[in-house]
Amino acid sequence: MLNKLNCFFYCFFLFVSLLKLPENFVYVEDQIPSIIIDLRYCSENNFVGEIIDGYEAETVILTQQATKALKDVQEKLLKDSLSLKIFDAYRPQRAVNHFRRWARDINDTLMKEQFYPSIDKRDLFKLQYIATKSRHSSGSTIDVTVVDLKTNQELDMGTSYDYFGEESGVKYNNITDEQIANRKFLQTIMLANGFRNYPQEWWHFTLRGEPFRDQYFDFVIK
């Protein structure tokens with residue numbers, strides 16, 4: 001009986017240790033339970049068309065500093081019956097490597113019609129849609145949109161998440177007035193709460209003064 005009990009506690013503490021995050025990283029849902037999660041790389045609904053290396057659970061990880069700033073955004077949105085939806089946050093380096101391998105296979109165009117209909121896959125590196133390193137791997141970058149909690153619908157931003165093309169640019173204006181206003185709303189509230197944007201992608205934000213700038217982590221999301 002004692003040996004079985006010892007084995008149980010050993011397995012329990014081993015399990016807990018495997019879940020422990022590096023110092024200064026947190027599970028976002030523990031800090032912001034109201035936030036909506038749609039972690040695309042933990043599914044086949046992404047530009048590759050398969051689950052991406054390093055995404056073993058649909059859980060969101062960020063640095064404590066980025067999470068605190070994100071919580072401020074969420075609290076403001078909730079007052080107007082709105083919520084953030086997270087598509088991606090911390091991204092292991094092995095996931096970035098997965099993207100690079102996929103991008104080099106020019107014959108794999110399974111998801112082209114949905115995510116990059118006007119882009120030649122051979123140009124993804126040149127156009128900086130795929131890179132060797134990602135700010136996401138530093139733990140303070142996030143991809144988000146806004147959901148109307150009254151309708152449970154995302155605000156119309158003019159393109160889907162991860163759409164490769166000029167249409168996704170922050171300043172792109174060949175879209176409806178409503179779509180322009182929705183993008184401006186997201187940009188305004190994120191920038192006002194400590195984030196900076198990425199001009200090519202309306203959904204992409206990085207915490208100003210991020211704690212691990214130019215450091216790229218590779219621990220698995222689980």
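Take 1 as the starting number for the sequence shown in my numbering and just add one per residue.
No residue lacks a Cβ here, since even glycine has one placed at the ideal position from N, Cα and C.
Quick one: residues in its chain with C-beta nearer than 6 Å to the C-beta of residue i, no 5 flanking neighbours on either side, listed in chain order?
i	result
Leu39	Glu58
Phe212	Ser138 and Gly139
Glu154	Thr145 and Val147
Lys222	Glu56 and Ala57
His98	Ile52 and Asp53
Tyr198	His204
Thr141	Arg135 and Thr206
Lys85	Ile36, Asp38, Thr145 and Val147
State the Cα-Cα distance for the pair residue i and residue j, rounded to the nearest angstrom.
i	j	result
Thr151	Ile189	21 Å
Gln215	Ala181	35 Å
Glu75	Phe185	15 Å
Glu29	Leu21	14 Å
Ser17	Arg91	Because Ser17 carries a pLDDT of 42, less than 50, the predicted location of this residue cannot be relied on, and no value is offered for it.
Thr159	Phe87	14 Å
Glu113	Arg122	15 Å
Gln31	Ala89	14 Å
Leu62	Phe164	25 Å
Glu50	Tyr41	8 Å
Gln127	Asp53	Per the sequence shown, residue 127 should be read as Leu rather than Gln. Their backbone Cα atoms lie some 23 Å apart in a straight line.
Leu70	Asn193	8 Å
Asn177	Asp156	Note that residue 177 is Asp in the sequence shown here, rather than Asn. C-alpha separation (whole angstroms): 11 Å.
Thr206	Val220	21 Å
Ile37	His204	15 Å
Ile119	Gln179	22 Å
Leu149	Pro33	15 Å
Met111	Gln187	28 Å
Arg100	Lys79	41 Å
Is it the case that the CB of residue i approaches a heavy atom of the ligand NAD more closely than 7 Å?
i	result
Phe87	For the ligand NAD, the structure offers nothing, since it holds no ligand at all.
Between residue i and residue j, which are expected to be in contact by the criterion C-beta below 8 Å, what is the C-beta distance as a whole number of angstroms?
i	j	result
Val96	Lys133	7 Å
Ile35	Ser81	Their Cβ separation, rounded to whole angstroms, is 15 Å, which puts Ile35 and Ser81 out of contact at 8 Å.
Asp162	Asn46	6 Å
Gln64	Asp218	In fact, because the Cβ distance is near 19 Å, the residues do not count as touching under 8 Å.
Glu201	Ala66	Actually they do not touch by this definition, with Cβ atoms about 17 Å apart.
Arg183	Phe195	Not quite, the Cβ-Cβ distance comes to about 14 Å (not below 8 Å), so this is no contact.
What's the call for residue i, buried or exposed, on a 16-neighbour Cβ count within 10 Å?
i	result
Asn24	exposed
Val73	buried
Thr109	exposed
Ile106	exposed
Ala131	exposed
Arg135	buried
Leu225	No information on residue 225 is available, as it lies outside the stretch 1 to 222 that the chain covers here.
Glu44	exposed
Opposite residue i in the DSSP bridges: which residues?
i	result
Arg196	Thr206
Asn153	As written in the sequence, residue 153 is Gln, which differs from the Asn given in the question. Paired residue(s): Asp148.
Thr63	Phe25
Leu82	Asp148
Glu201	Tyr198
Cutting at 8 Å between CB atoms, please list the residues of its own chain near residue i, excluding the five before and the five after it.
i	result
Leu124	Ala103, Tyr116, Ile130 and Phe164
Tyr27	Leu21, Thr59, Val60 and Ile61
Identify, in the order they occur along the chain, each residue of the same chain with its Cβ nearer than 7 Å to the Cβ of residue i, setting aside the five sequence neighbours on each side.
i	result
Tyr172	Glu166
Ser168	Thr159, Gln200, Glu201 and Trp202
Ile175	Gly158
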